[in-house]
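For the working numbering, count along the sequence shown from 1 and bump the result up by 240.
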Amino acid sequence: MLEFSEQLVNQLNERSRRDLVGAFQREVEETEQQIGKIQTQLTTYRIQQKMLDPKSAATGPLELLAQMTAQQTNARAQLAELTRNSPNSPQIPLIQTRIASLDKLINEQRTKITGDSDSVATALTEYERLDVQKLLAEKTLASALVSLESAKLEAQKQQLYLETIAQPNLADYPLYPKRAISFATVVVSCLLAYGIAWLLIASVREHASA
Numbered sequence: 241m242l243e244f245s246e247q248l249v250n251q252l253n254e255r256s257r258r259d260l261v262g263a264f265q266r267e268v269e270e271t272e273q274q275i276g277k278i279q280t281q282l283t284t285y286r287i288q289q290k291m292l293d294p295k296s297a298a299t300g301p302l303e304l305l306a307q308m309t310a311q312q313t314n315a316r317a318q319l320a321e322l323t324r325n326s327p328n329s330p331q332i333p334l335i336q337t338r339i340a341s342l343d344k345l346i347n348e349q350r351t352k353i354t355g356d357s358d359s360v361a362t363a364l365t366e367y368e369r370l371d372v373q374k375l376l377a378e379k380t381l382a383s384a385l386v387s388l389e390s391a392k393l394e395a396q397k398q399q400l401y402l403e404t405i406a407q408p409n410l411a412d413y414p415l416y417p418k419r420a421i422s423f424a425t426v427v428v429s430c431l432l433a434y435g436i437a438w439l440l441i442a443s444v445r446e447h448a449s450a
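Written out as structure tokens, the structure is:
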């Protein structure tokens, strides 16, 4: 019975350990698959957009827009100064033409950055969405790996065995009942009963004879 109980407890604990470790193992595998899918999406997106790194690619258009905006500001300042100090200066039409050209270029550049579905902003937004998903999945994977390792270590520590406080031992000879004494007691009792009965019968016969 003790051996059966020990086996049952160990089987239940072993099943519990397997279930716990298996759950974390599945989480690790599922997260790895998720990261693989996201990485594939990122690679496909880079190929479609012809951008190795959309974040770096977005820097160029933004820097160009900043440069053109600065040139536009300087041109407007020059135009204002000439108009105030030299209203008949021949440079005024040239500066006005330059400002108009910069306005057109700036609007085009802004459209490229923030405009339709092919804009840099749209490309960057989609790329960042996938990149964030990958980052979160990687953090989840790291946490799952730690949990899996902890579960394995805990499973090794929690090997449960029944400890026997006192092993049951069979007596070298039967203590109870003491068969020889009991048998002798029965025999003596029978003899006493027989003797008493014989005396009673003899006494009755004597009285009958008298």
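We put the CB at the ideal spot given by N, CA and C, even for glycine. Every value quoted in this text rests on a predicted model; they were computed, and no experiment measured them.
Would you mind sorting residue i into buried or exposed? The rule is 16 or more other CB atoms within 10 Å of its CB.
| i | result |
| --- | --- |
| Gln349 | buried |
| Thr271 | buried |
| Leu432 | exposed |
| Ala340 | exposed |
| Leu393 | exposed |
| Ala317 | exposed |
Give every residue of the same chain whose Cβ lies closer than 7 angstroms to the Cβ of residue i, excluding the five residues on either side of it in the sequence, and list them in chain order.
| i | result |
| --- | --- |
| Ala391 | Leu260, Val261, Phe264 |
| Leu342 | Met308, Gln311, Gln312, Ala315 |
| Ile332 | Leu319, Leu322, Thr323 |
| Asp293 | none |
| Ile278 | Leu370, Gln373, Lys374, Ala377 |
Can you name the start and end residues of the alpha helix (DSSP H) that residue i belongs to?
| i | result |
| --- | --- |
| Ser341 | 331 to 354 |
Which of helix, strand or coil does DSSP assign to residue i?
| i | result |
| --- | --- |
| Asn328 | coil |
| Asp259 | helix |
| Asp371 | helix |
| Lys277 | helix |
| Lys379 | helix |
| Lys392 | helix |
With distances taken from CA atoms, which of the options is nearest residue i?
| i | options | result |
| --- | --- | --- |
| Gln288 | Leu364, Ser387, Ser383 | Leu364 |
| Glu269 | Leu432, Ala377, Ala317 | Ala377 |
| Tyr285 | Leu345, Glu366, Ile346, Glu389 | Glu366 |
| Glu267 | Val386, Leu282, Ile339, Arg257 | Val386 |
Quick check: is the beta carbon of residue i nearer than 9 angstroms to any beta carbon in chain D?
| i | result |
| --- | --- |
| Ala317 | Absent from the structure is chain D; it holds one protein chain and no more. |
Given residue i, which residues of its chain have a CB within under 8 angstroms of its CB, disregarding the five upstream and five downstream residues?
| i | result |
| --- | --- |
| Thr280 | none |
| Ile275 | Lys374, Ala377, Glu378, Leu381 |
Given residue i, which residues of its chain have a CB within under 6 angstroms of its CB, disregarding the five upstream and five downstream residues?
| i | result |
| --- | --- |
| Leu381 | Thr271 |
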